[in-house]
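Peer 1: Mind looking over this structure? Questions follow.
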Amino acid sequence: MNETPSRGSGAAMDELYAEAHHWEVNTGGETIHAKRMPGKWRRIKWLASSVWLIFFLGPYLRWNGSQAVLFDIPNRKYHLFGVTVLPQDFWMLSLLLLFFAILLAVVTALVGRAYCGYFCFQTVWTDVFTWIEEKLEGSPPQRRKLDKAPLDASKVRIKVLKHAIWLLIGFFTGFSFVAWFYGAGPLWRDFFVGDANVAVYASVALFTLGTYLLAGWLREQVCFWLCPYARIQGVMLDKTTVVPTYDEARGEPRGRLQKGQSSAERTVGDCVDCNQCVAVCPTGVDIRNGQQEGCITCGLCIDACDAVMDKVGKPRGLIRYASLDEVEGKPVKPMLMRARVWVYTGILALALVGIMYGLSSLEAIEVKVLHERAPLFVQLSDGSVQNKYTLKVLNKSGQDLTVRVSAESSAPMTLLGAEEPLFARSGEVTPMIVFVKIKRSDLPGETLPVTFHATTTLSDNTEIAAERESAFFGPSR
Amino acid sequence: MADHNPFPGENNTGHFWDDNIRELNNPPPKWWMIALWVSIAWFVLYGILYPMYPVLPWQSQEGGGFTKGVLGWTSIKEFEQGMEQVAEVRAQYETQIAAMTPEQILDDPGLTQYTLASAKVLFGDYCAACHGSGGQGNPGYPVLADDDWLYGGSMAKIVESITNGRKGAMTAHKDILSEAEVDQLSQFTVSLADGGEGSEAGWKLFNDKGCTACHGQQANGILAELPDGSIVTVGAANLTDSIWRFEPGGYESAKHTILYGVNQPGVEQTRDAVMPAFGGSAGGLEGKLESDQIKKLAVYVHSLGGGQ
C-alpha cells in the first residue's frame, strides 16, 4: 500500500490533474453571486420574463361580467373567455399538454434551453430575487463581504428587509395562483378576514414557502438537481442546435492581456481570460468548457464577452449563439431542410387543430346511453321484447334546461318513461330510465340499432339537439 | 498529530493509519442535515400525537398493547365520523321518504333517483341471490323486470310480497288425472303460451278438472277484476303468455308441474316456490327489513321495467 506509483503512469496522472480543476461539482455549498451586466440578451431576458405578468394580472381580466379565466375546481367548471369547459371535455387538455410538450421539444432541438434561460419560473423568480438582493446588498463582492461580516444592526436590517420582500413576492405568487381557481374578487374579499377555505390558505402558504425557498435559497440548484427537463434535454440537443457557444478556434489558447502589448503583437487567442463569462453566469458554469448540463442558455455570458471584446477592440461573437456544426466550420443545414422540424410542426398542428375543433364543437347538452345488462332484454306477456336504458343527460349550458327525449329505430317501437320532459340542472348530469318495447315479430335479428335524441331550447330560443346511438337486444331465434 | 500533518490543506481530521490512510472531514451538506433533524423531530412528535409504539406484551394494558397518542385519534373514530357525515347528507331524503308512500316517491324525480341508488344496495343484499342482480330472475325464481306478475305488480302488492313473503300452491295431479289427461292439458298450455287459441277439448278439460279455480276462466291467472281496477289472484300463473313460471318451459315443464304440483308436502319432485317474508311476522327472515327499506325496494322493483 505504501508503494508510490511507477514513473510510467506519471505523465497520464499529470494529464488528469491538469484537467481536474475543471471538474468541480456545484452542490450549492457556496452561494453564486452573479454579476449583472447590461446587454442585448439581458434586455431580451427581461422582455421574455415579463410574460409572467399575465400570471399576476390575468385573474383581474373580466369577460361578460365575470372572470375571464376561472378554473372552478369545487364545481368542476372551467371558464375560458365565456366558454365553459367541463371535465367531460378534458380530452382537450391532453392535446394541450401534448402541444406544450412537443413545443418544448422542438424549441430545445432548435435553440436549446431557451425556455430555461428566458421563461422558466425558476429562472425568472431567481432573477427577480437576485435583482432585489443587488439593490439592497450591492454588487457581488459587497454581498460576499456582507455574508462574512459579523451580525450587526445594519446587516440585520438589510437581511430582514430582503427576506421580507422575498416572502412578500412568494405570497403574491401564491395569492395570484389561487386567484385563477378561487376568483380574484372573492379572494380579496375572503382571504384577509379568514373566510376562505383551508385549501386556499394551504395553497398560498405552500406557494409562499416554495417560492421563498426555491428562488431565494435553492436557485440554480433546482436546475442542477431537481428539474426533470434539465435531465432529459441532453437527448434533444444535437450538433445543429443553436446554443451559446465559445468559439474555441478563435479564443484558444487563452491568455491574459499584457500591459503595453498591442493586439498585433499578441500571439495567443482572442480570449483574454478575464473570466467575465463565468462571473455573470447565474448557474456558475464556465461556457468555455463547452455545452454542459448547468448551462440554461440564457446568453448573459454573450453580453459579458461582447462588452469585453468591445473594450479590447476585437470583434464581437467570441461567445455567440451558434451550433456546434457552425463553430466547427461544417455546412449548416437550413432549418426547413431538417426532418425533425417538420415532424414536430406536424404534431403541433394536429394538436392545435384538435383543440380548436373541440372548443368550436362544445355542445350545450350531451347524452350518454347505458344499456341495461342484467337482464339484457325482457320478454313481456304480450309477446313483445323490452330493453331498459339509463340515459345520462349532461347540461353544459349556464342555465337549467327542460330536455325532451325521443328514440327511433328501423322497427316500429314504443318508448316508455320519456313522456315527461327531463329537468336538467346546469352543469350536472341527470339520469333518466327509459324502456323501449318492440314486438318480437318486428325484430329483424338479435340486435337492432336504436338512436336516442335529446332536444332542448335555450333561453335565447336556440334549439339544441344531441343524439347517441345504442342497441336493442332480443332473444336469439 | 495535527501539529505534524503530512497532508496539509485537504481538510483531514488528523487521524492517520499506515502513514497515508487518513480520515477526511467531509460533512454532509447543511440542507441534508437540516432535513435529517426535521425528520427526527417529526418522528418524535408523531409518536407523541398519534398511536405508534407497540408496548411489550407483559406491559400491555387493557385495550391493546400500544401507545395511544395524546390526540386520541383512532381509525375507527375517523370512520365513524365519516359515517355520521354520510348519515347527515342522507337525512334530508330519509325524513321525506319516511313520510311518503311509494307512489309519492315515484312522482318526485329527485327522490326516485336517491331511492333507486339506495335500494340498489338493499336489492343486492337481500334479493339478487334469487332474482338476479338486475331482477332478471333465475331458474325457479321469477323475473322481476317483466310485466308478468303472479301476485300483482302494483306498488301495494309489491310491498305486500316483500313484507309477508309468498308461497305458491298447486295440487299434484299424478293420482287425480289419467296420463292422457295430463298429456292433453300440457299440450293445451303450450299452445296457449305460443299464442294459440287452445282447442275446444282442451278448454273443456281445463274447466272440468277445476283448473279455473286458480288460473281463472281465461287461464290468465286472474280470478276477478274489482271495480277500482285491481285484480284478484291466488298466485297462479298466467298460462296465456309466453312467460313460464318454471324453467325451461314447454311441454315437459308443464307436465312436471301438473303431475307433482307446487309446494305439496309429501310429494317428491314437487315444485318449490317460496318467497320468504322480509318484514312480516312469519318466516325465518322475520324483521330483517324495516318498513322504509321495503318501501325503497318496492320503488326499485316497480322501476325495473314491469311495475303496474
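Going down the list, the sequences are from chains A and B. Here the first sequence is numbered in our numbering, starting from 95 and rising by one per residue. Here the second sequence is numbered in our numbering, starting from -5 and rising by one per residue. Backbone N, C-alpha and C fix where the C-beta goes; we use that ideal spot for every residue, glycine too.
Quick check: the segment 398 to 418 of chain A against the segment 144 to 151 of chain A, are at least 3 beta-carbon pairs closer than 8 Å?
Peer 2: With a cut-off of 8 Å, the segment 398 to 418 of chain A and the segment 144 to 151 of chain A do not count as touching, because too few Cβ pairs lie within range.
Peer 1: What do you reckon, are the CB atoms on Gln327 of chain A and Cys210 of chain A nearer than 9 Å?
Peer 2: Taking 9 Å as the Cβ cut-off, Gln327 of chain A and Cys210 of chain A qualify as a contacting pair.
Peer 1: Going by C-alpha distance, which of A:Leu192, A:Val374, A:Gly440 and A:Pro428 is nearest Pro235 of chain A?
Peer 2: Of the candidates A:Leu192, A:Val374, A:Gly440 and A:Pro428, the one whose C-alpha sits nearest the C-alpha of Pro235 of chain A is A:Val374.
Peer 1: Quick one: which residues of the segment 537 to 571 of chain A get their C-beta closer than 8 Å to a C-beta of chain B? List them in chain order.
Peer 2: From the segment 537 to 571 of chain A, no residue has a Cβ closer than 8 Å to chain B.
Peer 1: Note down, in chain order, each residue of its chain lying with its Cβ closer than 7 Å to the Cβ of Pro244 of chain A, except the 5 sequence neighbours on either side.
Peer 2: So no residue of the chain qualifies.
Peer 1: Just checking: is the beta-carbon of Ile225 of chain B within a distance shorter than 9 Å of some beta-carbon in chain C?
Peer 2: In summary, chain C is missing from the structure at hand, where the protein chains are A and B.
Peer 1: So Ala309 of chain A packs on Phe223 of chain A, CB below 8 Å; how close in whole Å?
Peer 2: Contact flag correct, Cβ pair sits at about 5 Å.
Peer 1: From what residue to what residue does the beta strand (DSSP E) around Met526 of chain A run?
Peer 2: Element bounds for Met526 of chain A: Val523 to Lys533.
Peer 1: Between Ala139 of chain B and chain A, is any beta-carbon pair separated by less than 9 Å?
Peer 2: Taking Cβ atoms only, chain A reaches closer than 9 Å to Ala139 of chain B, which makes this a yes.
Peer 1: Contact defined as beta carbons within less than 8 Å: I believe Tyr438 of chain A pairs with Ala128 of chain A. What is the distance between those atoms, to the nearest angstrom?
Peer 2: Actually they are not in contact, since the Cβ atoms of Tyr438 of chain A and Ala128 of chain A sit about 33 Å apart, beyond 8 Å.
Peer 1: Taking Ala468 of chain A as the query, report the chain B residues whose CB atoms sit under 7 Å from its CB, ordered along the chain.
Peer 2: Those are Gly126, Ser127, Gly128 and Gln130, listed as they occur along chain B.
Peer 1: Quick one: which chain A residues come within Cβ less than 8 Å of Ser236 of chain B?
Peer 2: Neighbours of Ser236 of chain B on chain A, chain order: Gln473, Ser475 and Gly477.
Peer 1: Please check if any C-beta of chain A sits within less than 9 Å of the C-beta of Pro96 of chain B.
Peer 2: Chain A contact via Cβ: absent.
Peer 1: So with Cβ pairs under 9 Å, would you call Gln302 of chain B a contact of chain A?
Peer 2: Judged by the 9 Å Cβ criterion, Gln302 of chain B is not in contact with chain A.
Peer 1: Taking the beta strand (DSSP E) that Tyr415 of chain A falls in, what are its first and last residues?
Peer 2: Element bounds for Tyr415 of chain A: Ile413 to Ala416.
Peer 1: Run through chain B and tell me which residues come within less than 9 Å of Gly393 of chain A, C-beta to C-beta.
Peer 2: Within chain B, no residue comes near Gly393 of chain A; the closest Cβ sits about 30 Å away, beyond 9 Å.
Peer 1: Considering only the beta carbon of each residue, do Lys490 of chain A and Leu464 of chain A sit closer than 9 Å?
Peer 2: It is not a contact, given that the beta carbons lie outside the stated cut-off.
Peer 1: Considering Cα atoms alone, identify which of A:Thr496, A:Glu563, A:Tyr451 and A:Glu514 is closest to Leu187 of chain A.
Peer 2: Out of A:Thr496, A:Glu563, A:Tyr451 and A:Glu514, A:Tyr451 has the C-alpha closest to the C-alpha of Leu187 of chain A.
Peer 1: For Met94 of chain B and Ala292 of chain B, which I take to be in contact (beta-carbon distance under 8 Å), what is that distance rounded to the nearest angstrom?
Peer 2: About 12 Å; that fails the 8 Å criterion.
Peer 1: Would you call Ser164 of chain B buried or exposed, if buried means 16 or more other Cβ atoms sit within 10 Å of its Cβ?
Peer 2: Checking the sequence, you will find Met at residue 164 of chain B rather than Ser. It is buried - the Cβ of Met164 of chain B has at least 16 other Cβ atoms within 10 Å.
Peer 1: Would Phe529 of chain A and Pro103 of chain B be called neighbours here (beta carbons separated by less than 9 Å)?
Peer 2: The answer is no: Cβ separation not under 9 Å.
Peer 1: Using a C-beta cutoff of 9 Å, does Lys482 of chain A count as contacting chain B?
Peer 2: Taking Cβ atoms only, chain B reaches closer than 9 Å to Lys482 of chain A, which makes this a yes.
Peer 1: Quick one: residues in its chain with C-beta nearer than 7 Å to the C-beta of Ala343 of chain A, no 5 flanking neighbours on either side, listed in chain order?
Peer 2: Here the set comprises nothing.
Peer 1: Rounded to the nearest angstrom, what separates Thr61 of chain B and Asp246 of chain A at their Cα positions?
Peer 2: The alpha-carbon atoms of Thr61 of chain B and Asp246 of chain A are separated by roughly 48 Å.
Peer 1: Between Ala505 of chain A and His547 of chain A, is the Cβ-Cβ spacing less than 9 Å?
Peer 2: No, the Cβ-Cβ distance between Ala505 of chain A and His547 of chain A is not below 9 Å.
Peer 1: In the DSSP output, what is Pro48 of chain B paired with across the bridge?
Peer 2: Paired residue(s): B:Phe60.
Peer 1: Looking only at its chain, what residues have a beta carbon closer than 8 Å to the beta carbon of Leu204 of chain A, apart from the 5 residues adjacent to it on each side?
Peer 2: Cβ neighbours of Leu204 of chain A beyond the five flanking positions: Thr335, Val336, Met429 and Val435.
Peer 1: Check the Cβ of Ile527 of chain A against every Cβ in chain B and list those closer than 7 Å, keeping chain order.
Peer 2: Ordered by position in chain B, the residues that pass the 7 Å Cβ test against Ile527 of chain A are Ser297.
Peer 1: Using only the alpha-carbon positions, how far apart do Gly277 of chain B and Ser180 of chain B sit?
Peer 2: Confidence at Gly277 of chain B is low in this model, with a pLDDT of 46, below 50, so the placement of that residue should be treated as unreliable; the coordinate-derived value is given next. Approximately 33 Å, taken between the alpha carbons.
Peer 1: What does the Cβ neighbour count give for Gln130 of chain B, buried or exposed, with the cut at 16 atoms within 10 Å?
Peer 2: Buried: at least 16 other Cβ atoms inside 10 Å.
Peer 1: Does the beta-carbon of Val287 of chain A have 16 or more other beta-carbons within 10 angstroms, so that it is buried, or is it exposed?
Peer 2: By the neighbour-count rule (16 or more Cβ atoms within 10 Å), Val287 of chain A is not buried but exposed.
Peer 1: Are at least three pairs of beta-carbons, each pair with one atom in the segment 281 to 296 of chain A and one in the segment 357 to 373 of chain A, less than 8 Å apart?
Peer 2: The segment 281 to 296 of chain A is not in contact with the segment 357 to 373 of chain A.
Peer 1: Answer with yes or no whether the minimum CB distance from Phe223 of chain A to chain B is below 9 Å.
Peer 2: So, not an interface residue.
Peer 1: Nearest to Gly273 of chain B by alpha carbon, out of B:Ala267, B:Asp266, B:Lys282 and B:Arg265?
Peer 2: Ranking B:Ala267, B:Asp266, B:Lys282 and B:Arg265 by Cα distance to Gly273 of chain B puts B:Lys282 first.
Peer 1: Could you give the C-beta distance for Leu189 of chain A and Ala445 of chain A, rounded to a whole number, given that I count them as a contact under 8 Å?
Peer 2: Confirmed, about 5 Å.
Peer 1: If we cut at 9 Å on Cβ distances, does Asn6 of chain B have a partner in chain A?
Peer 2: Not an interface residue.
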